[in-house]
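Per my numbering, the very first residue in the sequence shown carries number 200; after that it's consecutive. Here a beta-carbon is modelled for each residue, glycine too, at the ideal position from N, C-alpha and C.
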Amino acid sequence: MSKAPHIPVMLADVLEVLQPKDGGLYIDGTFGAGGYTRAILGQADCAVLAIDRDPNAILRGRELQSEFGGRLTLIEGCFGDMARLVRGLGHESVDGVVLDLGVSSMQLDQAERGFSFQKDGPLDMRMSGKGLSAADVVNTFDEPDLARIIAVYGEEKRARAVAKAIVQARTESQFDRTLALADTVARVIGRRPQDRIHPATRTFQALRIFVNDELGELAHGLAGAEALLGEGGRLAAVTFHSLEDRVVKRFLTARTGRSARANRFMPEKDEIAPSFREIE
200 MSKAPHIPVM LADVLEVLQP KDGGLYIDGT FGAGGYTRAI LGQADCAVLA
250 IDRDPNAILR GRELQSEFGG RLTLIEGCFG DMARLVRGLG HESVDGVVLD
300 LGVSSMQLDQ AERGFSFQKD GPLDMRMSGK GLSAADVVNT FDEPDLARII
350 AVYGEEKRAR AVAKAIVQAR TESQFDRTLA LADTVARVIG RRPQDRIHPA
400 TRTFQALRIF VNDELGELAH GLAGAEALLG EGGRLAAVTF HSLEDRVVKR
450 FLTARTGRSA RANRFMPEKD EIAPSFREIE
């Protein structure tokens, strides 16, 4: 861990929701640079089970683990599998769960991970380093499938044109670098001075979400959190785009019996349904 620890977004809000207490047990399902974990452990004499599929994040977390001793347990795995992972350690329930969704700034900053369209690196995007890479997808999937991935997971209006350009370009040279793909997409989308985002933003988001099955992981993770949270336990989920937001809101709406508008929820006591209630 760096001497100047990464401070995650909405940290104060997440701590307000979780309200860490002495003797409590909490899950940081997206450990990353350890910002939430550090804050939770610093606020109360509690314990954290920190999960991350990225082996580099777990490796970097060893320093934080030495700082807090037995109060921090690092677990390499997917947060969608948290129920099995946590119960495998002998814990049947926890007091709180935090999920900070999407790619971490740490991963974006490392060009060799292939997440960024602003830094040249291998076209990878795998958080765990396992399975299909982004290069595998853009070089082998047919045009209709590429268009569907870019449209569904990137919400890119010109998905068909982007997919067509990718398929045409790869006949001359396979994509293996991030900037090569970003340039191809940018030529299709174009860029105006008033545009707020890079023209390749949505395509890169789509590939990353698909390669890492992020939405499926989120759905499984929310179900795992529900299974593990004890009475009065609390869930905090930080979303960054509309796809994640919809998954979380559908989950909460189904369990609160009302439209999910706020970002603060906790389990309802002494009831089976609804299983969550909004914190006013």
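- Going by beta carbons, Phe230 and Ala246 fall outside the 9 angstroms limit.
- Gln393 counts as exposed, since fewer than 16 other beta carbons sit within 10 angstroms of its beta carbon.
- Fully contained in the stretch 289-374 are the following alpha helix (DSSP H) runs of length 4 or more, in chain order: 304-308, 333-339, 342-353, 358-369.
- In this structure, Ala358 sits away from Ala368, with a CB-CB distance that is not shorter than 9 angstroms.
- In the DSSP annotation of this structure, the continuous segment of the alpha helix (DSSP H) that includes Ala424 starts and ends at 413-427.
- In chain order, Ala358, Arg359, Ala362 place their CB closer than 7 angstroms to the CB of Ala346, counting only its own chain and leaving out the 5 sequence neighbours on each side.
- Excluding its 5 nearest sequence neighbours in each direction, His419 has C-beta neighbours in its own chain below 6 angstroms: Gly279, listed in chain order.
- Rounded to whole angstroms, Ala381 and Ala399 show a C-alpha spacing of 5 angstroms.
- Here Ala435 is buried. Its C-beta has 16 or more other C-beta atoms within 10 Å.
- Taking 9 angstroms as the cut-off, the Cβ atoms of Glu342 and Arg401 do not count as close.
- Of the residues assessed, Ala405 falls on the buried side of the cut-off, its CB having 16 or more other CB atoms within 10 angstroms.
- Taking a contact to require three or more Cβ pairs closer than 8 angstroms, the stretch 411-430 and the stretch 271-288 qualify as touching.
- Under the three-state reduction of DSSP, Asp244 is assigned to coil, being neither helix nor strand.
- At a Cβ-Cβ threshold of 9 angstroms, Arg433 and Val337 do not count as neighbours.
- With 16 or more neighbouring CB atoms inside 10 Å of its own CB, Leu263 falls in the buried class.
- In terms of CA proximity to His290, Gly429 leads the group Gly429, Gly234, Asp344.
- Membership of Asp253 in any beta strand (DSSP E) is not indicated, and neither H nor E is assigned to it by DSSP.
- Assignment of beta-bridge partners to Glu443 by DSSP yields no partner.
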